[in-house]
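Undergrad:
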Amino acid sequence: MNGTAPGLVQRLQDSPQRLADSIRASALWLAVLDGPLDAREFHEVGLALTHDPEGVPLHDIAEALAADPMPKELPKLFRFLRGQRSPKRTVSLVDLYIRVAAADGRISQIERHALIFLSDLLAAPASLLPERFEALLGLEFEAPADLSDPAFFDAAETAARARAARQKAREADAGKAAQADAERRDALLVLGLKADATPIAIKAAWRKLSRQHHPDRQLQADDAAKAAAAERFDAVQKAWKRLQDDDDA
Amino acid sequence: MRDLYERLGLGFGADYGALRRAIAATKDRELGQRAKAVLLDADRRAAHDAVYLVARRLRDWRVELLMEDGAWAQALADSDLVRPDLPPEPLAKPAPKAAAQGRPWWRKLLKR
C-alpha cells in the first residue's frame, strides 16, 4: 500500500501539467482524509479543473491517496503548491477546498484541521477562510472542536442518548413514526428544502431565513408585515429545532 | 486542542496501564482530569485518536514546511495541535514504570 504513494508524488512531479494535477491531488487528499472518497467529493474535484489527457488520471490519484492518505512524501507536493501561491490563486484554491470538504454534506473535525492547514499553506490571511466559507456555504466557519475536553463528549453523548430514546419511542409506535416523518417533511418545507437536504444545506437555509425574518430587521415595516415576519421567524426556529432533534442538522 | 499524549509524556498508542500510571503521576490536575475522561474511555479515545493522528501529522508538516507563523496558528494560540512552537508541559518527573507499580497497595500503607 505504502509503495503507491511515493509513486504518486513522483508522477505528479513528472506530469506535464504538474500544477493542475497537484491542485487536484491536494483537493482529493482533503476528501479522503476523513474516510472513503464520496462520489460527490470526487465530482467536485473533477469539475474544478479541465483535465489534460497527458496528466495523471484523477482515478489514479484517488486510489493512491485512498490507500494511504498521509504518505511521508506528501510535504513535497505541499511545498510545490506553497511555492506556486499567488493572491488570486489562493482565493480560488480556498474556494475549491471548501467546496470539496462540504460536498458530502458535513464538515468533519478532521476536515476543519485540514482546511486550516491548507489555508496557512497558501499563506492566506486568517479572515479569508471564514469569509469564503460564508460566501460559498452561507455558514460560519467553526474552528476544530477541542477533543481533549470531556465537555465535547458529554454534550455529544447526551444528544445521542436523547435521539436514541426518541427513535425507540417511534419504533414502538407506528403512528408516532409516521407523525415524525410528516413533521420532518414539514420542517424541511418551511426551510424550502427537499427531503434529501444535507446538514450543511439545512443550517445554511435556517441562517438565511432567520436573518431575513428576524424582528430586528423589520424596523421599517408596517404592523401587518412585522406580525407576518414574526410568525415566519417562529416557524423557522421550530423547524430548525425539529431537524436538530433528528440529527439532520 | 491539547496534546494529551505529549503532555503526559507518552507516545501515541500508549496502553491502558501506561495511561493510568501517567495520569496518576501528573501534577497538573486539569490535565489529569481531561486525560482520565477522554483517554480512559475506549469510545471517546477512538474518536479523539482519529482526529489527533491527523492533526499531529499536520503539525509536523507545519514544521517541515516552515509554516509556524501561519495566520491560523496565531489565531488558535491555545491549541497544541496547531501551534508547533507551543512548548509542551510534560511531567516534572516521568511516570513510574510498571514494575514499580507491582507492589500491592497495602504495602505502601505499611511503609508509612
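Sequence order for the protein chains is A and B.
Heads up, the first sequence is in my numbering, so the first residue is 2 and it goes up one at a time.
Heads up, the second sequence is in my numbering, so the first residue is 107 and it goes up one at a time.
The C-beta atom is built at its ideal place from N, Cα and C for all residues, glycine as well.
#1: For Leu119 (chain A), collect the residues of the same chain with a Cβ closer than 8 Å to its Cβ; drop the 5 residues on either side in sequence, then sort them by chain order.
#2: Report, in whole angstroms, the separation of the C-beta atoms of Lys227 (chain A) and Gln238 (chain A), which I expect to be a contact under 8 Å.
#3: Return the Cβ separation of Asp39 (chain A) and Ala104 (chain A) in integer angstroms, given the expectation that the two are a contact with Cβ distance under 8 Å.
#4: Just reading off the alpha helix (DSSP H) that Ala156 (chain B) is part of, what are its end residues?
#5: Compare the C-beta of Leu182 (chain B) with all C-beta atoms of chain A and state if any pair is closer than 8 Å.
#6: Answer yes or no: does any C-beta atom of chain A fall closer than 8 Å to that of Glu170 (chain B)?
#7: Measure from the C-beta of Gln85 (chain A) to each C-beta in chain B and report whether the shortest distance is under 8 Å.
#8: Which residues in the same chain have their Cβ closer than 8 Å to the Cβ of Arg171 (chain A), if we skip the five residues on either side of it in sequence?
#9: Have a look at Trp241 (chain A) and Ala188 (chain A) and give me their C-alpha separation to the nearest angstrom.
#10: Please report the straight-line C-alpha distance between Ala115 (chain A) and Asp121 (chain A), rounded to a whole angstrom.
#11: Where are the alpha helix (DSSP H) runs, 4 residues long or more, that stay fully inside the stretch 53–94 of chain A, in chain order?
#12: Closer than 7 Å, Cβ to Cβ, to anything on chain B: give me those residues from the stretch 141–169 of chain A, in chain order.
#13: Secondary structure at Pro190 (chain B), three-state DSSP: helix, strand or coil?
#14: Any beta-carbon of chain B closer than 8 Å to the one on Gln110 (chain A)?
#15: Quick check on DSSP: helix, strand or coil for Ser211 (chain A)?
#16: What does the Cβ neighbour count give for Pro216 (chain A), buried or exposed, with the cut at 16 atoms within 10 Å?
#17: Output needed for Val57 (chain A): all residues of its chain with C-beta closer than 7 Å, excluding positions within five of it in sequence on either side, in chain order.
#18: What does a CB cutoff of less than 6 Å around Asn3 (chain A) pick up in its chain, not counting 5 residues either side in sequence?
#19: Listing by chain order, which chain A residues have their CB less than 9 Å from the CB of Ala131 (chain B)?
#20: Threshold first: 4 residues or longer. Then list the alpha helix (DSSP H) segments lying entirely within the stretch 114–174 of chain A, N to C.
#21: Can you find the residues in the same chain that come closer than 8 Å, C-beta to C-beta, to Val10 (chain A), ignoring five residues on each side of it along the sequence?
#22: Please determine, among A:Leu190, A:Asp247 and A:Pro54, the residue with the shortest C-alpha to C-alpha distance to Ala165 (chain A).
#23: To the nearest angstrom, how far is it from the Cα of Asp35 (chain A) to the Cα of Glu158 (chain A)?
#24: Spell out a yes or no on whether the stretch 154–171 of chain B and the stretch 111–118 of chain B are touching, meaning 3 or more CB-CB pairs, one atom from each, closer than 8 Å.
#25: Between which residues of its own chain and Ala124 (chain A) is the CB-CB distance below 8 Å, once the five residues before and five after are set aside?
#26: Do we get a CB-CB distance below 8 Å when we pair Leu94 (chain A) with the residues of chain B?
#27: Say whether chain B places a C-beta atom closer than 8 Å to the C-beta of Ala127 (chain A).
#28: Hey, Phe43 (chain A) and Ala63 (chain A): beta-carbon distance below 8 Å or not?
#29: By the 10 Å Cβ neighbour count, where 16 or more other Cβ atoms means buried, how is Ala179 (chain B) classified, buried or exposed?
#30: Can you find at least 3 beta carbon pairs, one from the stretch 202–212 of chain A and one from the stretch 139–153 of chain B, that sit closer than 8 Å?
#31: Along the chain, where does the alpha helix (DSSP H) containing Asp247 (chain A) start, and where does it finish?
#32: Suppose you measure from the CA of Leu130 (chain A) to the CA of Arg41 (chain A); what does that come to, to the nearest Å?
TA: Taking the coordinates as given:
#1: Position 118 of the first sequence holds residue 119 (chain A). If we look at Leu119 (chain A) and ignore the five residues flanking it on each side, its Cβ neighbours are Ser27, Leu31, Leu94, Val95 and Tyr98.
#2: One-based indexing of the first sequence puts residue 227 (chain A) at position 226. One-based indexing of the first sequence puts residue 238 (chain A) at position 237. Contact doesn't hold; Cβ gap of about 16 Å is too wide.
#3: Taking the first sequence and counting its residues from 1, the one referred to as residue 39 (chain A) is at position 38. Taking the first sequence and counting its residues from 1, the one referred to as residue 104 (chain A) is at position 103. With 8 Å as the limit, Asp39 (chain A) and Ala104 (chain A) qualify as a contact, their Cβ atoms being about 6 Å apart.
#4: Here residue 156 (chain B) refers to the residue found at position 50 of the second sequence. Residues Ala148 to Glu170.
#5: Residue mapping note: residue 182 (chain B) aligns to position 76 of the second sequence, counting from 1. With 8 Å as the cut-off, Leu182 (chain B) counts as an interface residue toward chain A.
#6: Taking the second sequence and counting its residues from 1, one reaches residue 170 (chain B) at position 64. Chain A, which has a Cβ nearer than 8 Å to the Cβ of Glu170 (chain B), makes this yes.
#7: Position 84 of the first sequence, counting from 1, holds the residue named residue 85 (chain A). It does not: the Cβ of Gln85 (chain A) has no partner Cβ on chain B nearer than 8 Å.
#8: Counting from 1 along the first sequence, the entry for residue 171 (chain A) is found at position 170. Close CB contacts of Arg171 (chain A) within its chain, under the 8 Å cut and outside five residues either way in sequence, are with Lys177, Ala178 and Ala181 (chain order).
#9: Here residue 241 (chain A) corresponds to residue number 240 of the first sequence, with the count starting at 1. Here residue 188 (chain A) corresponds to residue number 187 of the first sequence, with the count starting at 1. So the alpha carbons of these two residues sit roughly 7 Å apart.
#10: Within the first sequence, residue 115 (chain A) is the residue found at index 114, counting from 1. Within the first sequence, residue 121 (chain A) is the residue found at index 120, counting from 1. Straight-line Cα distance between these residues: approximately 10 Å.
#11: 59–68 and 75–84
#12: Ala144, Pro145, Asp147, Leu148, Ser149, Asp150, Pro151 and Phe154
#13: If you number the second sequence from 1, residue 190 (chain B) lands on position 84. Coil, per DSSP.
#14: Walking along the first sequence from the start, residue 110 (chain A) turns up at place 109. So, interface residue.
#15: Position 210 of the first sequence holds residue 211 (chain A). In this structure, Ser211 (chain A) counts as helix in the three-state DSSP scheme.
#16: Along the first sequence, one-based indexing puts residue 216 (chain A) at 215. Exposed is the call here.
#17: Residue numbering aside, residue 57 (chain A) sits at position 56 when the first sequence is read from its first letter. Answer for Val57 (chain A): Arg12, Leu13, Ser16 and Asp22, listed in chain order.
#18: The residue given as residue 3 (chain A) occupies position 2 in the first sequence. Here the model assigns Asn3 (chain A) a pLDDT of 46, short of 50, so the residue's position is not dependable, and the following value carries that caveat. Cβ neighbours of Asn3 (chain A) beyond the five flanking positions: Asp69.
#19: Walking along the second sequence from the start, residue 131 (chain B) turns up at place 25. Near Ala131 (chain B) there are no residues of chain A at all, since even the closest Cβ is about 18 Å away, more than 9 Å.
#20: When DSSP assignments are scanned along the stretch 114–174 of chain A, the uninterrupted stretches of alpha helix (DSSP H) that are 4 or more residues long and fall wholly within it turn out to be 129–138 and 151–173.
#21: On the first sequence, position 9 is the one that residue 10 (chain A) refers to. Here the set comprises Pro72, Glu74, Leu75, Lys77 and Leu78.
#22: To locate residue 165 (chain A), count along the first sequence from 1; it is residue 164. Taking only the C-alpha atoms, the option nearest Ala165 (chain A) is A:Asp247.
#23: Taking the first residue of the first sequence as position 1, residue 35 (chain A) is located at position 34. Taking the first residue of the first sequence as position 1, residue 158 (chain A) is located at position 157. Roughly 21 Å separates the two Cα atoms.
#24: yes
#25: Position 123 of the first sequence, counted from the start, is the residue given in the question as residue 124 (chain A). Only Arg83, Arg86 and Thr91 meet the Cβ criterion.
#26: The count along the first sequence starts at 1 and reaches residue 94 (chain A) at position 93. False, the Cβ-Cβ gap to chain B never drops below 8 Å.
#27: As a working note, residue 127 (chain A) is residue 126 in the first sequence. By this cut-off, Ala127 (chain A) is an interface position.
#28: As a first step, residue 43 (chain A) must be located in the first sequence, where it is residue number 42. As a first step, residue 63 (chain A) must be located in the first sequence, where it is residue number 62. The answer is yes: Cβ separation under 8 Å.
#29: Numbered from its first residue, the second sequence carries residue 179 (chain B) at position 73. Buried.
#30: no
#31: For the purposes of this step, residue 247 (chain A) is taken as residue 246 along the first sequence, with counting starting at 1. Taken as a continuous stretch (DSSP letters only), Asp247 (chain A) belongs to no alpha helix (DSSP H), as it is neither H nor E.
#32: By 1-based counting over the first sequence, the position of residue 130 (chain A) is 129. By 1-based counting over the first sequence, the position of residue 41 (chain A) is 40. Those two C-alpha atoms are separated by around 22 Å.
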